[in-house]
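**Q** In the working numbering, the protein residues as written are 1 to 264. Ideal Cβ placement from N, Cα and C applies to all residues, glycine included. None of these values were measured; they are calculated from a predicted model.
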């Protein structure tokens, strides 16, 4: 009985040492959830909260400016550089060690530039999965409660997720006026605002002003549908993109690319 009482007291002490849950504010811009994150005390870095990203990511230019590029404590996998962060801090949470990939995220460049936002990276599965997370859009808060789950090493792959970076197309888009596409049998589309130089889109002949209406047989109406498609599409996959140009439908063969890793 005495041993049981001691164990109960010890467990109660541990529970008291850490809050049952931690509430963190977020901002909602460009259909993305943004939170402020610190890495080994540096930052704060504005990161997109993304449960579909297999690993947490920091952009190469940010990592270089803040001295976070891998040195002795870094590793490399499939062309990606990883830095081992001793403490990732989000509001009242501090977790570590956490592996953070140093790589470009083309999916962030479109909405970030359109909204003139600062974007430093992505808070991904290898951090988020350690907690039960409750999202309150009305209050603009995320509530984290530890679940004691240790996610797999992102360098070894995650079942149901891509360890390699998601596909890269190379366009910045915004939603089209449905009236511009309905007479062609589509409910909506995405206006191309910019095309990245030497990207798969540029190589396929996609130009600013084109309206994307179908990608690989699936109509695209929202920017999020394009991001979701690229997340689940492996680099090297060949697809057909249907788009409107000067009121006429065109098709282009596109080979999905791979985001550039940090400079070696």
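Report yes if the CB atom of residue 255 is closer than 8 Å to the CB atom of residue 208, and no otherwise.
**A** Against the chain shown, residue 255 aligns to sequence position 255. Against the chain shown, residue 208 aligns to sequence position 208. For residue 255 and residue 208, no; Cβs fall outside 8 Å.
**Q** Determine contact between the segment 54 to 67 and the segment 169 to 183, defined as no fewer than three beta-carbon pairs at a distance below 8 Å.
**A** Touching, no.
**Q** Candidates 58, 21, 56: which alpha carbon is nearest residue 92's?
**A** The residue you call residue 92 lines up with position 92 of the chain shown. Taking only the C-alpha atoms, the option nearest residue 92 is 21.
**Q** Name the one or two DSSP bridge partners that residue 253 has.
**A** The count along the chain shown starts at 1 and reaches residue 253 at position 253. For residue 253, the pairing in a beta bridge is given by DSSP as 240.
**Q** To which residues does DSSP link residue 196 through a beta bridge?
**A** As a position in the chain shown, residue 196 is number 196, starting the count at 1. Per DSSP, none; premise fails for residue 196.
**Q** Between the C-alpha atoms of residue 240 and residue 214, what's the straight-line distance to the nearest angstrom?
**A** Position 240 of the chain shown, counted from the start, is the residue given in the question as residue 240. Position 214 of the chain shown, counted from the start, is the residue given in the question as residue 214. Straight-line Cα distance between these residues: approximately 8 Å.
**Q** Does any heavy atom of the ligand SAH sit closer than 7 Å to the C-beta of residue 214?
**A** Absent from the structure shown: the ligand SAH. Ligands present: none.
**Q** The beta strand (DSSP E) that contains residue 58, what's its start and end?
**A** Within the chain shown, numbered from 1, the residue matching residue 58 stands at position 58. First-last of the beta strand (DSSP E) with residue 58: 56 to 58.
**Q** Who are the Cβ neighbours of residue 220 in its own chain at under 6 Å, not counting the five residues just before and after it?
**A** Along the chain shown, read from residue 1 onward, the residue named residue 220 stands at position 220. 190, 212, 226, listed in sequence order.
**Q** Taking residue 141 as the reference, which of 67, 58, 205, 36 has the closest Cα?
**A** Counting from 1 along the chain shown, the entry for residue 141 is found at position 141. If we check each option's Cα against that of residue 141, 36 comes out closest.
**Q** Tell me which residues share the same chain as residue 245 and place their Cβ nearer than 7 Å to its Cβ, disregarding the 5 neighbours each side in the sequence.
**A** Against the chain shown, residue 245 aligns to sequence position 245. The answer, listed in chain order, is 210.
**Q** DSSP three-state call for residue 229: helix, strand or coil?
**A** Reading the chain shown from its first residue, position 229 is the one you call residue 229. Helix.
**Q** Select from 243, 120, 183 the residue whose C-alpha is nearest the C-alpha of residue 192.
**A** Against the chain shown, residue 192 aligns to sequence position 192. Closest option to residue 192, Cα to Cα, is 243.
**Q** Pop quiz: residue 47 and residue 123 are said to be a contact at Cβ under 8 Å. What is the actual Cβ separation, rounded to whole angstroms?
**A** On the chain shown, position 47 is the one that residue 47 refers to. On the chain shown, position 123 is the one that residue 123 refers to. Between residue 123 and residue 47 the Cβ distance is about 4 Å, and since that is below 8 Å, they are a contact.
**Q** Measure the Cβ-Cβ separation of residue 218 and residue 167 and say whether it is below 8 Å.
**A** Numbered from 1 along the chain shown, position 218 holds the residue referred to as residue 218. Numbered from 1 along the chain shown, position 167 holds the residue referred to as residue 167. Cβ distance not < 8 Å, so residue 218 and residue 167 don't count as in contact.
**Q** Note down, in chain order, each residue of its chain lying with its Cβ closer than 8 Å to the Cβ of residue 224, except the 5 sequence neighbours on either side.
**A** Within the chain shown, numbered from 1, the residue matching residue 224 stands at position 224. Cβ neighbours of residue 224 beyond the five flanking positions: 31.
**Q** Tell whether a beta-carbon distance below 8 Å holds between residue 143 and residue 99.
**A** As a working note, residue 143 is residue 143 in the chain shown. As a working note, residue 99 is residue 99 in the chain shown. No, they are not a contact pair.
**Q** To the nearest angstrom, how far is the alpha carbon of residue 205 from that of residue 103?
**A** To locate residue 205, count along the chain shown from 1; it is residue 205. To locate residue 103, count along the chain shown from 1; it is residue 103. Roughly 26 Å between the two C-alpha positions.
**Q** Less than 8 Å separating the beta-carbons of residue 121 and residue 57?
**A** Locating residue 121 in the chain shown gives position 121, counting from the first residue. Locating residue 57 in the chain shown gives position 57, counting from the first residue. At the C-beta level, residue 121 and residue 57 come within 8 Å of one another.
**Q** Nearest to residue 126 by alpha carbon, out of 25, 250, 50?
**A** Sequence index remark: in the chain shown, residue 126 carries index 126 (1-based). Among 25, 250, 50, the Cα nearest to that of residue 126 belongs to 50.
**Q** Buried or exposed for residue 237, going by 16 or more other Cβ atoms inside 10 Å?
**A** Within the chain shown, numbered from 1, the residue matching residue 237 stands at position 237. Exposed, because fewer than 16 other Cβ atoms sit within 10 Å of the Cβ of residue 237.
**Q** List the endpoints of the continuous beta strand (DSSP E) containing residue 206.
**A** Looking up residue 206 in the chain shown gives position 206. No beta strand (DSSP E) holds residue 206; DSSP gives it neither H nor E.
**Q** From the DSSP output, in three-state form, read off residue 62 for me.
**A** Looking up residue 62 in the chain shown gives position 62. In this structure, residue 62 counts as helix in the three-state DSSP scheme.
**Q** Mapping the DSSP letters down to three states, classify residue 126 as helix, strand or coil.
**A** Counted from its first residue, the chain shown places residue 126 at position 126. Correct three-state label for residue 126: helix.
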